[in-house]
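Numbering follows full-length UniProt numbering, with no gaps: position 182 of the sequence shown is 182. Ideal Cβ positions, reconstructed from N, Cα and C, are used throughout, including at glycine. Everything numeric in this text was worked out from a predicted model, so none of it was measured.
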Amino acid sequence: MPTINDYLNLAETAFASYASNLRIGNGNALEYERAVMTKTQATRFDASWQVLDQQDLSNGFSAVLFQQVDQQGNPVGDKVLAIRGTEPSYWGIDYLTDVINIAVLGTNVGMPQYSSLKSFYQTLVSQGKLGTSEQVVVTGHSLGGFLAQAFTAEHNAVVSAAYTYNAPGFSASPGVIFNYATQLLEFFGITDATIPNDKITNIRATEGLSATAGLGQMVDLFRKFQSSPLLIQSIITPL
1 MPTINDYLNL AETAFASYAS NLRIGNGNAL EYERAVMTKT QATRFDASWQ
51 VLDQQDLSNG FSAVLFQQVD QQGNPVGDKV LAIRGTEPSY WGIDYLTDVI
101 NIAVLGTNVG MPQYSSLKSF YQTLVSQGKL GTSEQVVVTG HSLGGFLAQA
151 FTAEHNAVVS AAYTYNAPGF SASPGVIFNY ATQLLEFFGI TDATIPNDKI
201 TNIRATEGLS ATAGLGQMVD LFRKFQSSPL LIQSIITPL
């Protein structure tokens, strides 16, 4: 069973996916710091994780394939596909996705970021950076967590686990904004969204306001942690 430390380490990969212009391998501490990590955190993360590939597109999609390494630089554990959440610099694209696809429809049908995620995964496989049946961990914050849940549902055989942070889900029930579509669940063969997928864990803070956290029905194991209300839409350190 994952520990609190596991949740934190994987949350950092989701956080690091907000960094741009990452180089393959290490040497990305400055970019992680620009993505709002502290200097100490960025340096430590850069020493612990290698970048295998990154895709950052104009449609608002961005993701990084990470590999954790030990002190000698040897690969450790599964590779991690970290998916970026809503990015302010892509306000028009990402926020339309948040409002229309997630809040109103609760589906990724017609969602350019999800199409790009599937294409990126296929590219990683075709380039040999992931094996055709290699297990991968998927992480994502907010919009990235929504994409991670969809990817896990469709690619269940190759996802060993998924960890999402303050992420919305899929639902046929009304929320603050009605989230009524079931096409995605039907497409994936999921007929009862209340049945948890034990590969997915959604971490959500309990205080404050969030436009998307917890919206819709999570197809996952759900856990709450407390955090500062001011950080509700940020990735938090669980207490």
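- Going by other Cβ atoms of all chains shown within 10 Å of its Cβ, with 16 needed for buried, is residue 240 buried or exposed? The chain is shown only over 1 to 239; residue 240 falls outside these bounds and no answer can be derived.
- On the premise that Val-80 lies in contact with Thr-40, defined as a C-beta separation below 8 Å, what is that separation, rounded to the nearest angstrom? Along the sequence shown, one-based indexing puts residue 40 at 40. Along the sequence shown, one-based indexing puts residue 80 at 80. So it is not a contact: roughly 21 Å between Cβ atoms.
- Query: Grouping DSSP H, G and I as helix and E and B as strand, with all else coil, what is Asn-9?
  - Reply: For this step, residue 9 is matched to residue 9 along the sequence shown. Three-state DSSP puts Asn-9 in a helix.
- Message: So for Leu-143, helix, strand or coil by DSSP?
- Response: As a first step, residue 143 must be located in the sequence shown, where it is residue number 143. In this structure, Leu-143 counts as helix in the three-state DSSP scheme.
- Whole-angstrom distance between Thr-201 and Gly-128, CA atom to CA atom: The sequence position of residue 128 within the sequence shown is 128, counting from 1. The sequence position of residue 201 within the sequence shown is 201, counting from 1. Each residue's alpha carbon lies about 28 Å from the other.
- Message: Taking a contact to mean a Cβ-Cβ separation below 8 Å, would you say Gln-71 touches Gln-50 in this structure?
- Response: In the sequence shown, the residue the question calls residue 71 occupies position 71. In the sequence shown, the residue the question calls residue 50 occupies position 50. No, Cβ-Cβ distance for Gln-71 and Gln-50 is not below 8 Å.
- Query: If Gln-84 sits next to Ser-62, beta carbons under 8 Å apart, how far is it from one beta carbon to the other, in whole angstroms?
  - Reply: Residue mapping note: residue 84 aligns to position 84 of the sequence shown, counting from 1. Residue mapping note: residue 62 aligns to position 62 of the sequence shown, counting from 1. Note that residue 84 corresponds to Arg in the displayed sequence, not to Gln. Arg-84 to Ser-62, Cβ: 4 Å. Contact.
- Between which two residues does the alpha helix (DSSP H) carrying Thr-123 extend? As a first step, residue 123 is located in the sequence shown; it is residue number 123 there, counting from the start. Start and end: 112-126.
- Identify every run of the beta strand (DSSP E) within the segment 15-85, keeping only runs that are complete inside it and at least 3 residues long; order them along the chain. If we require 3 residues or more, the beta strand (DSSP E) runs fully inside the segment 15-85 come out as 49-56, 62-68, 79-83.
- Report back the beta-carbon spacing between Tyr-121 and Ala-150 to the nearest angstrom; my notes put them in contact at under 8 Å. Counted from its first residue, the sequence shown places residue 121 at position 121. Counted from its first residue, the sequence shown places residue 150 at position 150. So it is not a contact: roughly 12 Å between Cβ atoms.
- Task: Going by CA-CA distance only, name the one from Leu-52, Ser-20, Thr-152 that's closest to Ser-160.
- Result: As a first step, residue 160 is located in the sequence shown; it is residue number 160 there, counting from the start. The option with the nearest alpha carbon to Ser-160 is Thr-152.
- Any idea what DSSP makes of Ala-167, helix, strand or coil? Taking the sequence shown and counting its residues from 1, one reaches residue 167 at position 167. Three-state DSSP puts Ala-167 in coil, outside helix and strand.
- Item | Alpha-carbon spacing of Gly-131 relative to Arg-204, whole angstroms | As a working note, residue 131 is residue 131 in the sequence shown. As a working note, residue 204 is residue 204 in the sequence shown. For Gly-131 and Arg-204, the distance between alpha carbons rounds to 32 Å.
- Out of Arg-34, Thr-13, Ile-4, Asp-6, point me to the one whose CA is closest to Gly-145's CA. The residue labelled residue 145 in the question sits at position 145 within the sequence shown. Answer by Cα proximity: Thr-13.
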